[in-house]
Amino acid sequence: MSEEYRLDRPTALTCPECGGAMSTEHDGTLLRYRCHIGHVLTAETMLAAQFDVLEAKLAACLVALKERAELCRQMRESASQQGRDTASLDAAHAQALERAEAVKALLQSEWNESGRLYARQTKGFVPVPRP
Ligand SMILES: [Zn+2]
Numbered sequence: 007m008s009e010e011y012r013l014d015r016p017t018a019l020t021c022p023e024c025g026g027a028m029s030t031e032h033d034g035t036l037l038r039y040r041c042h043i044g045h046v047l048t049a050e051t052m053l054a055a056q057f058d059v060l061e062a063k064l065a066a067c068l069v070a071l072k073e074r075a076e077l078c079r080q081m082r083e084s085a086s087q088q089g090r091d092t093a094s095l096d097a098a099h100a101q102a103l104e105r106a107e108a109v110k111a112l113l114q115s116e117w118n119e120s121g122r123l124y125a126r127q128t129k130g131f132v133p134v135p136r137p
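All residue numbers for the sequence shown refer to the numbering used here, where the first residue is 7 and numbers rise by one.
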């Protein structure tokens, strides 16, 4: 079978650079991941890149929750001026703020960055740009 038609072992992991599906490759003792676009990361680099992706997604979640709280506040203000019941908007506003605090606490808490440290200690650490 030619290299062109090689079937790679699929994995449940996605590429930290493009979000594409990845397959695993073994080159001797080296474990690598390759996405369908062609990004190739060693397992160590993948471990560190996943941490960066996780931080970026949590930050995006925090922004979305704060925006939801602001939208609820504005809608509550409008409803109040029109004499309508604002109880559900009050509850949604409080819930968005409460969950934003939980996500913020996650972002600010200590994380086990062993993947990042491990990658720096080994060859091939390549930082992945934040989305
Ligand atoms: Zn990719």
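Glycine residues also receive a C-beta, built at the ideal position from the N, C-alpha and C atoms.
*asked:* With the cut-off set at 7 Å, would you say Met81 and Leu95 are in Cβ contact?
replied: yes
_Alpha-carbon to alpha-carbon, Val109 and Cys67_ = 7 Å
*asked:* Along the chain, where does the alpha helix (DSSP H) containing Glu107 start, and where does it finish?
replied: Ala93 to Gln114
*Under the rule that 16 or more other beta-carbon atoms within 10 Å means buried, what is Glu107, buried or exposed?*
exposed
*For ligand 3, which residues have a Cβ under 5 Å from at least one heavy atom, in chain order?*
Judged by which ligands are present, ligand 3 is missing from the structure shown, whose ligands are ligand 1.
*asked:* Can you look up Arg90 in the DSSP assignment and give me helix, strand or coil?
replied: coil
*Buried or exposed: Thr35, going by 16 or more other Cβ atoms within 10 Å of its Cβ?*
exposed
*Within this structure, are the beta carbons of Arg105 and Leu77 separated by less than 7 Å?*
no
_Suppose only complete runs of 3+ residues qualify. What are the beta strand (DSSP E) ranges in the region 36 to 68, listed by chain order?_
36 to 41 and 46 to 48
*How far does the beta strand (DSSP E) with Ala16 in it reach, from first residue to last?*
The sequence shown places Pro at residue 16, rather than the Ala named in the question. From DSSP, the beta strand (DSSP E) with Pro16 extends over Arg15 to Thr20.
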